[in-house]
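Read the sequence shown against our numbering and you will find it ends at 306, with the numbers running on by one and no gaps. Written out below as structure tokens is the structure these notes cover.
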Amino acid sequence: MPNRIQELLGVEYPVVQAPMTYIARAELAAAVSAAGGLGVIETISPGGRADLLRVRELTDRPVAANLMIQGWKNDPSIVDILAGAGVRYVFSSAGDPAVFTDRLHDAGMVVVHVVGSVRAAEKAVAAGVDALVVEGVEGGGFKSRHGASTMVLLPAVAERFDIPLIAAGGICDGRSAAAAVVLGAEGVQMGTRMLSSVESRVHGNYKDAVLAATDDGTRLISLPGNPTMRVLHRGMAAELAGATEAPPLLGRITELYFEGDFGASVGNCGQVSARIAEILPVATIVEETWRGAQAALDAGLARLG
Numbered sequence: 002m003p004n005r006i007q008e009l010l011g012v013e014y015p016v017v018q019a020p021m022t023y024i025a026r027a028e029l030a031a032a033v034s035a036a037g038g039l040g041v042i043e044t045i046s047p048g049g050r051a052d053l054l055r056v057r058e059l060t061d062r063p064v065a066a067n068l069m070i071q072g073w074k075n076d077p078s079i080v081d082i083l084a085g086a087g088v089r090y091v092f093s094s095a096g097d098p099a100v101f102t103d104r105l106h107d108a109g110m111v112v113v114h115v116v117g118s119v120r121a122a123e124k125a126v127a128a129g130v131d132a133l134v135v136e137g138v139e140g141g142g143f144k145s146r147h148g149a150s151t152m153v154l155l156p157a158v159a160e161r162f163d164i165p166l167i168a169a170g171g172i173c174d175g176r177s178a179a180a181a182v183v184l185g186a187e188g189v190q191m192g193t194r195m196l197s198s199v200e201s202r203v204h205g206n207y208k209d210a211v212l213a214a215t216d217d218g219t220r221l222i223s224l225p226g227n228p229t230m231r232v233l234h235r236g237m238a239a240e241l242a243g244a245t246e247a248p249p250l251l252g253r254i255t256e257l258y259f260e261g262d263f264g265a266s267v268g269n270c271g272q273v274s275a276r277i278a279e280i281l282p283v284a285t286i287v288e289e290t291w292r293g294a295q296a297a298l299d300a301g302l303a304r305l306g
């Protein structure tokens, strides 16, 4: 029997690829969706918006789009852009979900909102979203320095709201997916695991750095003029401790991601990088994550005696 996330998103495996800016493009999203999960296209970069149409040349499976609310709150045309591309599933983030949820629903779209706190979950549920991605502070990308881990945040949200939940932060395999299910999730979202897949366009230098990362291999950094981010502690990121002025991080981020230049910028990366040991095809990641969760749950039951 499919669970609520599988039914809501129309997927075989409730495994979602995170909407990583510049990285979450057509090829990666199509590979995830073709494997039975849900690929997501980012819409902040112009190339990402173009890929909303291009991805349809690569798969006929469900594919979602990300909507970063802070970036689009003054431009409601994004709803028309998504509708024109035939988008049915939207993962909103970084802002008040009430800004777009009703408009997206009116356009016939399912809305899943990303939250990093119980308070944010309360606002999203009040706004009428269809599901939540509950993301702990160990995940890569923009974070609150005072945020809770997935182990704490996910059950706290599950205890308060009867809404389908997708766990994010610290997820990379069946064992971590099983833990998320026990804590209240019906699906998982992965970023660092997906950016270090075969199909990801990220440069080999960056993928190798993810494989080499240890359990203290990422840092939360807060630089002037930039939001707090969890990044791989390598290159520029390792040189910025205590900095009072920030270099133009985003302007050269593509040189890091796609040319492998660690002196160009800082790269988003989750703590789960410490558990990623090999570059795998997306299809293997998707299937082994969800099928492996069942095996991990069975093994856990056996340990209970």
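Note that CB positions come from ideal geometry on N, CA and C, so glycine has one too.
Using the DSSP secondary-structure output, state which residues sit across from residue i in a beta bridge.
i, result
"Met195", "Answer is none; Met195 lacks a bridge partner."
"Gly40", "Val64"
"Ser94", "Met69"
"Phe143", "Met230"
"Gln272", "BP columns for Gln272 are empty, so no partner."
"Thr219", "Leu233"
"Ile164", "DSSP output for Ile164 lists no bridge partner at all."
"Gln190", "Val17, Ala169"
Going by other Cβ atoms of all chains shown within 10 Å of its Cβ, with 16 needed for buried, is residue i buried or exposed?
i, result
"Ser93", "buried"
"Thr102", "buried"
"Asp52", "buried"
"Met2", "exposed"
"Leu292", "The sequence as given places Arg at residue 292; Leu does not occur at that position. With fewer than 16 Cβ atoms within 10 Å of its Cβ, Arg292 is classed as exposed."
"Leu302", "exposed"
"Ala300", "exposed"
"Asn68", "Here the sequence assigns Leu to residue 68, which means Asn is not the residue at that position. The residue is buried, with at least 16 neighbouring Cβ atoms inside 10 Å."
If I measure Cβ to Cβ from residue i and keep anything under 8 Å in the same chain, skipping five residues before and after, which residues do I get?
i, result
"Glu187", "Asn4, Arg5, Ile6, Gln7, Pro15, Pro165, Leu166, Ile167"
"Gln295", "Gly175, Ala179"
"Gly192", "Gln18, Ala19, Met21, Gly140, Gly141, Gly142, Ala169, Asn269, Gly271"
Please work out which residues of its chain come closer than 7 Å, Cβ to Cβ, to residue i, disregarding the five sequence neighbours upstream and downstream, and give them in chain order.
i, result
"Glu240", "none"
"Ser198", "Ile280, Leu281, Pro282, Val283, Ile286"
Helix, strand or coil, according to DSSP, for residue i in the structure here?
i, result
"Glu13", "coil"
"Val130", "coil"
"Leu281", "strand"
"His114", "strand"
"Arg235", "coil"
"Ala25", "coil"
"Ala19", "coil"
"Ile6", "helix"
"Glu136", "strand"
"Gly48", "helix"
"Glu200", "coil"
"Gly175", "helix"
"Asn75", "coil"
Considering only residues of the same chain and omitting the five flanking positions on each side of residue i, which have a CB-CB separation below 6 Å?
i, result
"Ala214", "Ser274, Ala275"
"Ser256", "Going by the sequence as given, residue 256 is Glu instead of Ser. Hits under 6 Å: Asp262, Ala265."
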